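Enquirer:
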Amino acid sequence: MSIPAESYTYGFNYIFVVLAMVVVIPILIYVIVPVFYENNVSNCYEYLEMRFNKRTRQLVTFFFVTNSFLMLPVYMFIPSLAFAQVTGMNIHLINVMVSSICIFYTMLGGIKAVVWTDVVQGGIMLLSVVAVGVLGTMRSGGVATVIERASEGGRFNFDFGLDPRLRMTFWGATMGGIFMWTGHIGLNQSCVQRIVSLPSYSHAKKSLIVSGLGFLIISFFNTVSGIIMFARYYGCDPMLAGLVSKPDKMMPFFVQDIMGHLAGMPGVFISCVFSAALSSLSATLNSLAGVVYFDYIKPHIRHTEARANWAMKLIVVVMGGYCILGGFMVQNFNSILQTVVTITGINTGAVVGVFLLGMFVPRCNAKTAVTSIIVSVVAMVWIIVNGQMNFKSGLIKYEVLPNSLDQCEARGLHMIADVINKTDFTPVTMKPPSGAPVTTAFHSDRDFSLYDISFYWYKVLGTVLVFLCAIPMSYVWPPDKDEKQNPKLFSPFVRKFLSLPDADQELEEVPLRGAKVGEIPELSIDGTDKEKQAGTEH
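For the sequence shown, position 297 matches number 308 in the working numbering, and the numbering has no gaps at all.
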């Protein structure tokens, strides 16, 4: 729902974030995933312990837990918002019911339940976004009309400038998208656990290609839906009329408008939103439970498989309960997409940076890695906090692209026209910018400041800070000359430049530890194969 809202209010530029996946999939296939498979890791953070040390792993897993803790309420609040908008039910009651269902099947089914429900949910999402796109286009007058109205409304005004303060430019969206998807898919345990649960690298490569194509199709229709929405309400904006309180509620309103007369079709849309949310929520709960147990609980107790299962189920229940309570906070966000990208910008760049540092810079050691992560995160916290203060003080104002209410009668949008024609109707107005210099979504007349940069650049900046800190420090704290480097810990591209023996085994046939090619290993709740667990007990 946030992506269509983004296109509706700020234009079609988000498509560049979507298309960044075209670059990310080859990076994952040929740079990152081979390293995980050749080192037989079932948890992506194991790699950091192999490459650097345990302290580096624990620091990065702490950031994963922090990000998950902040994002869980958002994952569940979005479908609850859609359901409440369509049915009129209490949003917090819906949140409790759906979160409970997700907690139940994640707790009992583990990674297998997550994967199989994701398959079904993916099919529902694809069907739903295509249905909304096709029906919405028909109700808006056809493809030509949609393009014409969107062009007249400035929704196809692409900005190829280099000013990082503008909310979304081609460069900001593309670079931000590359680092965002790399961190979210290739270096996040919620996604990595699914990739490495496949029996071999060749299977993982095929899976990434198929899932990448599915992502592109679904995200393309999501982005286009915002443009179709604008064409439908061109000159008759429900937000200006006061029928919709914020952009994130526009999509449910739109679906009810164009599909409400078709029995069951609004339910298909609701299923789509729930599928997307439950997919993210269940995977995050599953991987969070595994990471918390194996990194923070297991070292302090006598480990048995039964005790591990009970502990991880308890973690799922506790975090699910927090997810329900967090919904009361999320409802105050104006733009969920902007909030999500901003929050994850605090440490995602540092996480991406340290993984790439380990795979591409052999001379960097653990001390360098830990220091660079801390410097990056502290700097990003400082920049983001000051940026939010600039928002609060009015120095940054992201005004939306204009719309109006002057064509409601002519367009036959009687539901909105009836509201406008009421004698007590007062249109919602956008506050004009003050005379003081400000940074807006589309221009800035202030002197350059890092605090003003767009939130889409946060992950890029966080990654760059890791390298800017680590490379010079690697000469201050050089690696031990007697230390032997394992070539499998570096990206295949880097190995060509190292005078080290290469791997003996063909990568295409490298199976996950304990798995035969063509056979999926039996997994525990965190995606760790049981043979590995058994080995750790002896």
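For every residue, glycine included, the Cβ atom is placed at its ideal position computed from N, Cα and C.
Just so you know, these numbers come straight off a predicted model, no measurement behind them.
Rounded C-beta distance between S139 and F339? I'm assuming under 8 Å.
Expert: Not confirmed; about 28 Å, so no contact.
Enquirer: Classify S256 as helix, strand or coil using the three-state DSSP reduction.
Expert: Of the three classes helix, strand and coil, the one that applies to S256 here is coil, per DSSP.
Enquirer: Here's the rule I'm using: 16 or more other beta-carbon atoms within 10 Å means buried, otherwise exposed. How should K403 be labelled?
Expert: The residue is exposed, with fewer than 16 neighbouring Cβ atoms inside 10 Å.
Enquirer: Between the segment 252-266 and the segment 14-31, do three or more beta carbon pairs fall short of 8 Å?
Expert: Flag = yes, the segment 252-266 and the segment 14-31 touch.
Enquirer: So for T350, helix, strand or coil by DSSP?
Expert: In this structure, T350 counts as helix in the three-state DSSP scheme.
Enquirer: Let me know the secondary structure DSSP gives I407 once reduced to three states.
Expert: Three-state DSSP puts I407 in a strand.
Enquirer: Going along the chain, which residues of its own chain have a beta-carbon closer than 6 Å to the beta-carbon of P413, five neighbours each way excluded?
Expert: Nothing listed; no residue qualifies.
Enquirer: Just tell me which of V505, K492, E410, V29 has its CA closest to the CA of T193.
Expert: Comparing Cα-Cα distances from T193 to each of V505, K492, E410, V29, the minimum goes to V29.
Enquirer: Let's test the definition: count the other Cβ atoms within 10 Å of the Cβ of G529 and tell me whether it reaches 16, buried, or not, exposed.
Expert: At G529 the pLDDT is 35, less than 50, meaning the model places this residue with poor confidence; the figure from the coordinates comes in the next sentence. By the 10 Å Cβ count, G529 comes out exposed.
Enquirer: Relative to the alpha-carbon of Y212, which residue among L39, F63, L336 has its alpha-carbon at the smallest distance?
Expert: Nearest option by C-alpha distance: L39.
Enquirer: Does the pairing of the segment 363-373 with the segment 469-484 give three or more beta-carbon distances under 8 Å?
Expert: These segments touch.
Enquirer: I need the DSSP call for T180, collapsed to helix, strand or coil.
Expert: Coil.
Enquirer: Nearest to Q204 by alpha carbon, out of F27, L83, V303, C55?
Expert: Comparing Cα-Cα distances from Q204 to each of F27, L83, V303, C55, the minimum goes to C55.
Enquirer: Taking Y6 as the reference, give the member of A161, S111, I89, S53 with the closest Cα.
Expert: Nothing can be reported for residue 6, as the shown portion of the chain is limited to 12 through 549.
Enquirer: Starting from the C-beta of G337, find all residues in its chain whose C-beta is less than 6 Å away, skip the five residues before and the five after it, and write them out in chain order.
Expert: Excluding sequence neighbours, G337 sits near P84.
Enquirer: According to DSSP, simplified to helix, strand and coil, what is T20?
Expert: Note: T20 maps to helix in three-state DSSP.
Enquirer: Where H311 and V327 are concerned, what is the direct C-alpha to C-alpha distance, given to the nearest angstrom?
Expert: Those two C-alpha atoms are separated by around 20 Å.
Enquirer: Classify S485 as helix, strand or coil using the three-state DSSP reduction.
Expert: Note: S485 maps to helix in three-state DSSP.
Enquirer: My assumption, with CB atoms under 8 Å, is that C419 sits in contact with I407. Please give the rounded CB distance.
Expert: 32 Å between Cβ atoms; not a contact.
Enquirer: Going by DSSP, what residue range makes up the alpha helix (DSSP H) through K216?
Expert: Taken as a continuous stretch (DSSP letters only), the alpha helix (DSSP H) holding K216 covers 212-243.
Enquirer: Between G144 and F232, is the Cβ-Cβ spacing less than 7 Å?
Expert: Yes.
Enquirer: Beta-carbon within less than 6 Å of V341's beta-carbon, same chain only, minus the 5 sequence neighbours each way: which residues are those?
Expert: Answer for V341: P84, V85, F88, listed in chain order.
Enquirer: Contact check, F75 vs V302 under 8 Å by CB: the rounded distance?
Expert: The pair is a contact, with the Cβ atoms about 6 Å apart (cut-off 8 Å).
Enquirer: Tell me which residues share the same chain as I308 and place their Cβ nearer than 8 Å to its Cβ, disregarding the 5 neighbours each side in the sequence.
Expert: For I308, where only same-chain residues beyond five positions count, the Cβ hits under 8 Å are A322.
Enquirer: Secondary structure at S460, three-state DSSP: helix, strand or coil?
Expert: Of the three classes helix, strand and coil, the one that applies to S460 here is coil, per DSSP.
Enquirer: Please classify A155 as buried or exposed, where buried requires at least 16 other C-beta atoms within 10 Å of its C-beta.
Expert: Exposed, by the Cβ-count rule.
Enquirer: Could you give the first and the last residue of the continuous alpha helix (DSSP H) run that contains P45?
Expert: Taken as a continuous stretch (DSSP letters only), the alpha helix (DSSP H) holding P45 covers 44-49.
Enquirer: With burial defined as no fewer than 16 other Cβ atoms inside 10 Å of the residue's Cβ, what is the status of I385: buried or exposed?
Expert: Exposed is the call here.
Enquirer: Would you tell me roughly how many angstroms separate the C-alpha atoms of D463 and A184, rounded to the nearest one?
Expert: Those two C-alpha atoms are separated by around 16 Å.
Enquirer: If you draw a straight line from the alpha carbon of A31 to that of I228, how long is it in whole angstroms?
Expert: Answer to the nearest angstrom: the Cα atoms are 13 Å apart.
Enquirer: Quickly, what does DSSP pair T451 with across the bridge? List them, please.
Expert: In the DSSP output, where bridge partners are listed per residue, T451 has K408.
Enquirer: Three-state secondary structure (DSSP) at P443?
Expert: With a pLDDT of 49 at P443, under the threshold of 50, the modelled position of this residue cannot be trusted, and the question is left open.
Enquirer: Could you pull out every residue in the same chain whose Cβ sits closer than 7 Å to the Cβ of I395, ignoring the five residues on either side in sequence?
Expert: Contacts found: T353, G356, I357, Y469.
Enquirer: Hey, could you find the ends of the alpha helix (DSSP H) L173 is sitting in?
Expert: Run containing L173: none; DSSP gives neither H nor E here.
Enquirer: Do you know offhand how far L348's Cα is from N64's?
Expert: Those two C-alpha atoms are separated by around 35 Å.
Enquirer: Pick helix, strand or coil for I312, following the three-state DSSP scheme.
Expert: Three-state DSSP puts I312 in coil, outside helix and strand.
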